[in-house]
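Novice: Got a structure for you, written out below as structure tokens; questions coming shortly.
Residue numbers (our numbering): 63 to 763.
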């Protein structure tokens, strides 16, 4: 018999307080706690635990091998490398000798992972001390303003970009080409940086804070996970993507410790049978997490709905339980943000909700990639609709199949964030460690779900499918094609483009242009020729110039040109510009002794494909150039190439039937520094491509 969607049950506490559900009428057969591993034999659970910690120990060892290469950059790399290698290998011996993993062994692996993470972060920062995102620069600058008694929501964050050397291509741009210069996060995002600043840190204070937060978060995850799954924590701590995100300026690590606590045993909130802090701590931790960034906000509807279901199942007043949870979380959020809300309510509101409301440039690893790189669709409104419908589908599915999704709902949130036009990798993966805590620490549920929720889920899912199809099928109002490129020569970048814009609509358009090399949209390019506004039903040629060196794509690997409209939001991308299909190899690869002037040196240039295979292409023009890279600046080389007057550079030769161009170099006079030679393909009508390796020669008397 069912009553209000529940199986008629009685409950019993087993072990550490987990509830066991027994159907009415069953005998008192042996009961199992509602644990995700309880159904597996003890030997299998032990083997899985040993294997998991073995992988963690191996990863610690591999990290030691990796940081060994940084010994010349950071003096502690060598001893840390040796320590991690020995630690990882020693742990393998210990756990497989004892056939168990003691808590002290787990701590050793976790500490080793933390040391490895810290060392990797230091080496990344030493390799490039610039802040890798505008968000981390904004947050630290805002913290500095707070310490000077100023309200950061009333000040421009633009000065931080120069202070922390944020590369131009890693800033947030609007569809009209403008930049975001206002703080875009709740107050916790910058208040958590104030302790580091008070300790006297300046540059890298935010990175250090983020790194400490990530280590702390992984330690919290380790402490909250069930014993059989604790080995996941060091794996997450040392995962390359998380290391690069944390060191590179992604600030999501700040909310991880709080979100992990909030999701730990979240279903025990207000449960009279629960004796642990899970009975009250969840909303307090969630309030802090939501004060750091907007991503944890998506957790709220799932937890509140789940708590209502759990409270009803316990015959509690579910409205009171949900209201108490929301009230506590909102109270903590308000305590952190209310000073700034009072001082500037409208500005705080606009700033905090900017990520949801501003027409920012699209990008990321989600569905938008099919428009950016496969040229499908381009009307961005449908991506927004798809994201909203995905959220509705997830909530409806959660309600409709609660029994199945109670453990899994935290992983629905990254799926929701896959569909909008901005779906960066940090949105998709930074919540996953906390999601593992939620999945492995809640009880099972006998509540099968609210059947109307399933109907709503299918209905919204159908609408979502329509919106996805529209996002990928409906083209924008204009078309874009690249018709010419200009390069910087031996810098091997593109600094000038000519594009063909066709306006297929009955209204004028004012596109903004950018370039996408290797997945990251650059700064918007300047229109230096042709019209900035395209008349209805017209085709125009537009000349574009790179605004800075960082925005110049390499001629190697290809790039995509993008054009944006702000109202309505639309995107069109040109077909990939792939200039380099062939490259060259200059031989001999090195000359390791000084040569007397007048001594001829035979040099050959072989054309090869992108995999290094020799190409039999005759008649391809190949240039060989010479230059001196002196510490005082560039100097002209004074050698003679193929009998040409000394200093002439470059000298052109056609390839033979084997795809090889041959040169003879003779030193005419001694120069103070080595003379460098480099070859490239110089085909008419295209930028120089296929630059070879450098070969140096030191001539003597």
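Where a beta carbon is used, it is the ideal one built from N, C-alpha and C, also for glycine.
In this text the structure is predicted, and so the values were computed from the model without any measurement.
1. Would you kindly check if the distance between the Cβ of residue 628 and the Cβ of residue 561 is under 9 Å?
2. Pairs of beta-carbons, one from the region 466–477 and one from the region 271–280, closer than 8 Å: are there three or more?
3. Cα separation between residue 620 and residue 454?
4. Residues in its own chain within less than 6 Å of residue 347 by CB, not counting five upstream and five downstream?
5. Count the other CB atoms, across all protein chains shown, that sit within 10 Å of the CB of residue 716; report buried if there are 16 or more and exposed otherwise.
6. Which same chain residues end up closer than 8 Å to residue 406 when comparing Cβ atoms and leaving out the 5 residues on each side of it in sequence?
7. For chain C, check one thing: does any of its Cβ atoms lie closer than 9 Å to the Cβ of residue 158?
8. Taking 9 Å as the cut-off, decide whether the C-beta atoms of residue 657 and residue 729 are in contact.
9. For residue 565, is the classification buried or exposed, using 16 other Cβ atoms within 10 angstroms of its Cβ as the cut-off for buried?
10. Could you tell me which residues DSSP pairs with residue 761 in its beta bridges?
11. Per DSSP, what kind of secondary structure is residue 166 in: helix, strand or coil?
12. Given this structure, state the Cα-to-Cα distance separating residue 708 from residue 660, to the nearest angstrom.
13. Measure the beta-carbon distance from residue 463 to residue 539 and round it to whole angstroms, keeping in mind my assumption that it falls under 8 Å.
14. Pick out whichever of 446, 159, 150 and 191 has its Cα sitting closest to the Cα of residue 764.
15. In terms of alpha-carbon separation, which member of 545, 258 and 239 lies closest to residue 747?
16. Any chance you could list the alpha helix (DSSP H) runs of at least 4 consecutive residues sitting entirely within the region 457–539, in chain order?
17. Give the range of the alpha helix (DSSP H) segment to which residue 206 is assigned.
18. Within 10 angstroms of the Cβ of residue 292, are there 16 or more other Cβ atoms? Answer buried if so, exposed if not.
19. Please report the distance separating the alpha-carbon of residue 401 from that of residue 510.
20. What's the gap between the Cα of residue 701 and the Cα of residue 683?
21. Tell me which residue opens and which closes the alpha helix (DSSP H) that residue 381 is part of.
22. Hey, out of 286, 756, 557 and 681, whose CA is closest to residue 687's CA?
23. Measuring only the C-alpha atoms, how far is residue 500 from residue 472?
24. At what residues does the alpha helix (DSSP H) containing residue 372 begin and finish?
25. If we ignore side chains and look at the alpha-carbon of each, how far apart do residue 438 and residue 575 end up?
26. For residue 692, which residues does DSSP report across the bridge?
27. When you compare each of 427, 519, 705 and 618 to residue 489 by their alpha carbons, which one comes out closest?
28. Helix, strand or coil for residue 266 per DSSP?
29. So who's on the other strand from residue 668, going by DSSP bridges?
30. I need the straight-line Cα distance from residue 584 to residue 563, nearest angstrom please.
31. So residue 404 packs on residue 547, CB below 8 Å; how close in whole Å?
32. Quick one: is residue 731 buried, meaning 16 or more other Cβ sit within 10 Å of its Cβ, or exposed?
33. Between the beta-carbon of residue 750 and the beta-carbon of residue 556, is there less than 9 Å?
34. Within 10 angstroms of its Cβ, does residue 568 collect 16 or more other Cβ (buried), or is it exposed?
35. Take residue 606 as the anchor and find which of 625, 698, 600 and 598 has the nearest alpha-carbon.
36. Can you tell me whether DSSP reads residue 606 as helix, strand or coil?
Specialist: Reading it off the structure:
1. Against the chain shown, residue 561 aligns to sequence position 499. Against the chain shown, residue 628 aligns to sequence position 566. The criterion of a C-beta distance shorter than 9 Å is not satisfied by residue 561 and residue 628.
2. Result no; under three Cβ-Cβ pairs closer than 8 Å.
3. Here residue 620 refers to the residue found at position 558 when the chain shown is read from its first residue. Here residue 454 refers to the residue found at position 392 when the chain shown is read from its first residue. Roughly 39 Å separates the two Cα atoms.
4. The residue you call residue 347 lines up with position 285 of the chain shown. Contacts found: 320, 323 and 324.
5. As a position in the chain shown, residue 716 is number 654, starting the count at 1. Under this definition residue 716 is an exposed residue.
6. Locating residue 406 in the chain shown gives position 344, counting from the first residue. 213, 215 and 216.
7. No chain C appears in the structure shown, which is made up of a single protein chain.
8. Locating residue 657 in the chain shown gives position 595, where the first residue counts as 1. Locating residue 729 in the chain shown gives position 667, where the first residue counts as 1. Against a cut-off of 9 Å, the Cβ pair of residue 729 and residue 657 comes out as a contact.
9. Residue 565 sits at position 503 when you count from the first residue of the chain shown. Counting Cβ neighbours within 10 Å, residue 565 comes out buried, since at least 16 surround it.
10. Stepping through the chain shown from its first residue, residue 761 is reached at position 699. In the DSSP output, where bridge partners are listed per residue, residue 761 has 657.
11. The sequence position of residue 166 within the chain shown is 104, counting from 1. Assignment of residue 166 by DSSP, reduced to helix, strand and coil, places it in the helix class.
12. The sequence position of residue 708 within the chain shown is 646, counting from 1. The sequence position of residue 660 within the chain shown is 598, counting from 1. Going from the Cα of residue 708 to the Cα of residue 660 covers about 12 Å.
13. Within the chain shown, residue 463 is the residue found at index 401, counting from 1. Within the chain shown, residue 539 is the residue found at index 477, counting from 1. The C-beta separation of residue 463 from residue 539 comes to about 41 Å, leaving the pair out of contact by the 8 Å criterion.
14. Residue 764 lies beyond the stretch modelled for the chain, which goes from 63 to 763, so this question has no answer here.
15. Taking the chain shown and counting its residues from 1, the one referred to as residue 747 is at position 685. When each option's Cα is compared against that of residue 747, the closest is 545.
16. Complete alpha helix (DSSP H) runs here, min 4: 464–467, 474–478, 487–491, 494–503 and 513–535.
17. Counting from one through the chain shown, the residue named residue 206 turns up at place 144. Residue 206 -> alpha helix (DSSP H) spans 196–209.
18. Translated into the one-based positions of the chain shown, residue 292 becomes position 230. Flag for residue 292 reads buried.
19. Translated into the one-based positions of the chain shown, residue 401 becomes position 339. Translated into the one-based positions of the chain shown, residue 510 becomes position 448. A straight-line Cα-Cα distance of about 44 Å links residue 401 and residue 510.
20. Here residue 701 refers to the residue found at position 639 when the chain shown is read from its first residue. Here residue 683 refers to the residue found at position 621 when the chain shown is read from its first residue. Between residue 701 and residue 683, the C-alpha separation is close to 21 Å.
21. Locating residue 381 in the chain shown gives position 319, counting from the first residue. Where residue 381 is concerned, the enclosing alpha helix (DSSP H) stretches over 380–405.
22. The residue you call residue 687 lines up with position 625 of the chain shown. When only C-alpha atoms are compared, the closest one is 756.
23. On the chain shown, residue 500 is found 438 positions in, with the first residue counted as 1. On the chain shown, residue 472 is found 410 positions in, with the first residue counted as 1. Distance between the alpha carbons of residue 500 and residue 472: 7 Å.
24. By 1-based counting over the chain shown, the position of residue 372 is 310. Residue range 361–375 is occupied by the alpha helix (DSSP H) that includes residue 372.
25. Your numbering for residue 438 matches position 376 in the chain shown. Your numbering for residue 575 matches position 513 in the chain shown. Straight-line Cα distance between these residues: approximately 18 Å.
26. Translated into positions along the chain shown, residue 692 becomes position 630. Under DSSP, the beta-bridge partners assigned to residue 692 are 695.
27. By 1-based counting over the chain shown, the position of residue 489 is 427. Proximity to residue 489 across 427, 519, 705 and 618 peaks at 427, based on C-alpha coordinates.
28. Taking the first residue of the chain shown as position 1, residue 266 is located at position 204. Annotated three-state conformation of residue 266 is strand, per DSSP.
29. Mapped onto the chain shown, residue 668 falls at position 606. Per DSSP, 647 and 722.
30. Counting from one through the chain shown, the residue named residue 584 turns up at place 522. Counting from one through the chain shown, the residue named residue 563 turns up at place 501. Looking at the two C-alpha atoms, the distance is approximately 20 Å.
31. As a first step, residue 404 must be located in the chain shown, where it is residue number 342. As a first step, residue 547 must be located in the chain shown, where it is residue number 485. Not really, about 54 Å apart at Cβ, beyond 8 Å.
32. The residue labelled residue 731 in the question sits at position 669 within the chain shown. If you draw a 10 Å sphere on the C-beta of residue 731, you find fewer than 16 other C-beta atoms in it, and that means exposed.
33. In the chain shown, the residue the question calls residue 750 occupies position 688. In the chain shown, the residue the question calls residue 556 occupies position 494. Not closer than 9 Å, so no.
34. Here residue 568 is taken as the residue at index 506 of the chain shown, counted from 1. Answer is exposed; the Cβ neighbour count stays below 16.
35. Here residue 606 refers to the residue found at position 544 of the chain shown. Nearest option by C-alpha distance: 625.
36. For the purposes of this step, residue 606 is taken as the residue at position 544 of the chain shown. Strand.
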